[in-house]
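Quick notes on the structure that follows.
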Amino acid sequence: MLSVFNSDLGFFAVRAEGEGVAALTFAARDPQQAMRRLQARLDVAPLNPLQRTDSRLPEWFRTTLRLLEQYAAGEPIDLSQTPVVYPAATEFRRRIWLACREVAYGETCSYGELASRAGRPGAARAVGSAMKSNATPLLVPCHRIVASGGKPGGYSGADGVSTKMRLLSMEGRYATTAANRVG
38 MLSVFNSDLG
48 FFAVRAEGEG
58 VAALTFAARD
68 PQQAMRRLQA
78 RLDVAPLNPL
88 QRTDSRLPEW
98 FRTTLRLLEQ
108 YAAGEPIDLS
118 QTPVVYPAAT
128 EFRRRIWLAC
138 REVAYGETCS
148 YGELASRAGR
158 PGAARAVGSA
168 MKSNATPLLV
178 PCHRIVASGG
188 KPGGYSGADG
198 VSTKMRLLSM
208 EGRYATTAAN
218 RVG
């Protein structure tokens, strides 16, 4: 199942498989761009999107869409209990993503610290690779994972580090100041 909707963070496209979200994109300028970005993340046949209020969507999925819309509007929403599926992920990547989901709204964690939380101290580069391949940003909040020393680090989502900084600022973690800009 698939839904596309507009929000304060641009257009979202959210795809669920079984009992969890398998992929999502956001910050698209229109529904078509959101769909293209989602298809680029997945190796599956495209679906026709359903409206968020469509009764064919299960309640958990409609709730997820509402929570994402509230988060995008700047509300301090906890998305950590939203069901996510990790098709074809290695056990280590799954552990990294699960540990990342425990980084709360308004908090950050370094790549190295997340590696330790996932049971692999010293695997900061592997954490970076897992964050880059994260198909469910915001639900697996890779924007909260930062470089050592608190610098933002990279972000493979739409518009790169500027989107990461916008999300962190929205969560009250970083003020958008010259001291925090990447450059």
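Quick note, the working numbering runs 37 ahead of the 1-based positions in the sequence shown. Think of the CB as a built atom: it goes at the ideal place given N, C-alpha and C, for glycine as much as any other residue.
Where SER166 is concerned, the enclosing alpha helix (DSSP H) starts and stops at 161-169. Under the three-pair Cβ rule at 8 Å, the region 65-81 does not count as touching the region 95-111. For ARG52, there is no enclosing alpha helix (DSSP H); the enclosing beta strand (DSSP E) has its first and last residue at 47-54. Residue pairing for LEU61: DSSP places it in a beta bridge opposite VAL51. Comparing alpha carbon positions, the residue from ASN85, GLU96, ASN43, ARG103 closest to ARG66 is ASN43. At a Cβ-Cβ threshold of 8 Å, PHE49 and LEU105 count as neighbours. With respect to the 8 Å criterion, ALA64 and ALA172 are not classified as neighbours on the basis of their beta carbons. The DSSP-derived three-state label of ILE114 is coil. Within the region 185-211, there are no complete beta strand (DSSP E) runs of at least 3 residues. Here SER92 carries a coil assignment [DSSP, helix/strand/coil].
8 Å or more divides the Cβ of PHE129 from the Cβ of ARG162. At a Cβ-Cβ threshold of 8 Å, TRP134 and ALA184 do not count as neighbours.
Counting C-beta atoms within 10 angstroms of its own C-beta, LYS169 has fewer than 16 neighbours from the protein chains shown and is therefore classed as exposed. The shortest CA-to-CA distance from GLN70 to any of MET207, GLN107, VAL51 is the one to VAL51. Taking LEU102 as the centre and dropping the five residues before and after it, the same chain places the C-beta of SER40, PHE42, VAL51, ARG89 closer than 7 Å to its C-beta, in chain order. Scanning its chain for C-beta atoms nearer than 8 Å, with the 5 sequence neighbours on each side dropped, one finds around THR200 the residues ALA64, HIS180, TYR192, GLY194, in chain order. Just so you know, the alpha carbons of PRO189 and ARG131 end up roughly 23 Å apart.
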